[in-house]
Amino acid sequence: MALTLYGAPRSRAALVRWYLGEKGIPCDDVTIDLAAGEQRASAFLAINPFGKVPALVDDAFSLGDGQPLALFESGAILLHLAEHHARESDSPAWRSLTAQWILFANATLGPAMVAASTRPQEIQRLLAALDPLLAEGRSLLAPLGGAPAWGAADCAVQGYLAYLPLFCKDLDLSPYPAIQASIAATTARAAYKSAMGLA
């Protein structure tokens, strides 16, 4: 079984790379040179017709035409890896909560961060709701009971939170102590440092 991740510096491929590192999942890493236009080459467009990174090819799964499974969108890739490679859980509730948090990260939190300079009230509203959910270092999957292990849901949301100081420099995080602690814990993780090129 071979996994190949296609990415580029400063892309969401780093989140996928971080998850792979945390879970110890082996994967070949291919850098796509966006400046040289490699994302528009026919070989890459066969993997992702939209010419975007990240993309993942998983030889363990084949399609009806015999080709290996090719996925794009970081959220879809994280869900696939969590379910089929990390084997985080086979619980339907786990699947649903994981999908919820990954979709929240990509469709709600990320866009709110991008718009923070023009719509600061939206990011503040989201952070105020998210902060108590992360108190005491809890996993976002804590509602499942027990002590759920760090997983794809945490990777997606905490990956975006770790970008807050970079993308939202004027945002005061002092009202959100759990988010501040989460950012500090995330950026201290060895796999995060490695995936982000900080190690």
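897 is the number of the first residue of the sequence shown in the working numbering; add one for each residue after it.
Positions of the beta carbon are idealized from the N, C-alpha and C atoms, including for glycine.
Here the structure is a predicted model, which means the values were calculated and not measured.
Reference residue i, options the options, closest by Cα
i	options	result
residue 1057	930, 1015, 957 and 1082	1082
residue 958	994, 898 and 946	898
residue 1032	1003, 1078, 947 and 1066	1078
residue 1093	905, 900 and 901	905
residue 1025	1012, 1064 and 1072	1072
residue 1039	966, 1066, 954 and 996	996
residue 967	960, 948, 985 and 983	948
residue 1012	1041, 1084, 1069 and 961	1069
residue 927	1014, 946, 920 and 900	900
residue 924	1086, 960, 1006 and 903	903
residue 916	987, 1046 and 1004	1046
residue 987	1041, 1015, 1007 and 941	1041
Integer-rounded CB distance, given that residue j should sit under 8 Å from residue i
i	j	result
residue 971	residue 930	Actually they are not in contact, since the Cβ atoms of residue 971 and residue 930 sit about 20 Å apart, beyond 8 Å.
residue 993	residue 1049	7 Å
residue 1051	residue 974	6 Å
residue 1028	residue 1080	With a Cβ gap of about 18 Å, residue 1028 and residue 1080 do not count as contacting.
residue 1009	residue 1059	7 Å
residue 964	residue 955	5 Å
residue 978	residue 1091	That belief does not hold up - the Cβ atoms of residue 978 and residue 1091 are roughly 16 Å apart, past 8 Å.
residue 921	residue 982	6 Å
residue 1022	residue 1005	6 Å
residue 1095	residue 1086	7 Å
residue 844	residue 1067	No answer is possible for residue 844: the residues shown for the chain start at 897 and end at 1095.
With 16 other Cβ atoms within 10 Å as the buried cut-off, status of residue i
i	result
residue 935	buried
residue 950	buried
residue 1054	buried
residue 1036	buried
residue 953	buried
residue 908	buried
residue 913	buried
residue 976	buried
residue 989	exposed
residue 1001	buried
Where the alpha helix (DSSP H) containing residue i begins and where it ends
i	result
residue 1050	1048–1063
residue 1016	1016–1026
residue 939	938–941
residue 1076	1073–1084
residue 996	988–1000
residue 1008	1006–1010
Endpoints, beta strand (DSSP E) assigned at residue i
i	result
residue 842	Coverage of the chain is limited to positions 897 through 1095, which leaves residue 842 absent and any answer about it impossible.
residue 967	964–968
Problem set entry | Continuous alpha helix (DSSP H) assignments of at least 4 residues falling wholly in the segment 902–931 | 909–919
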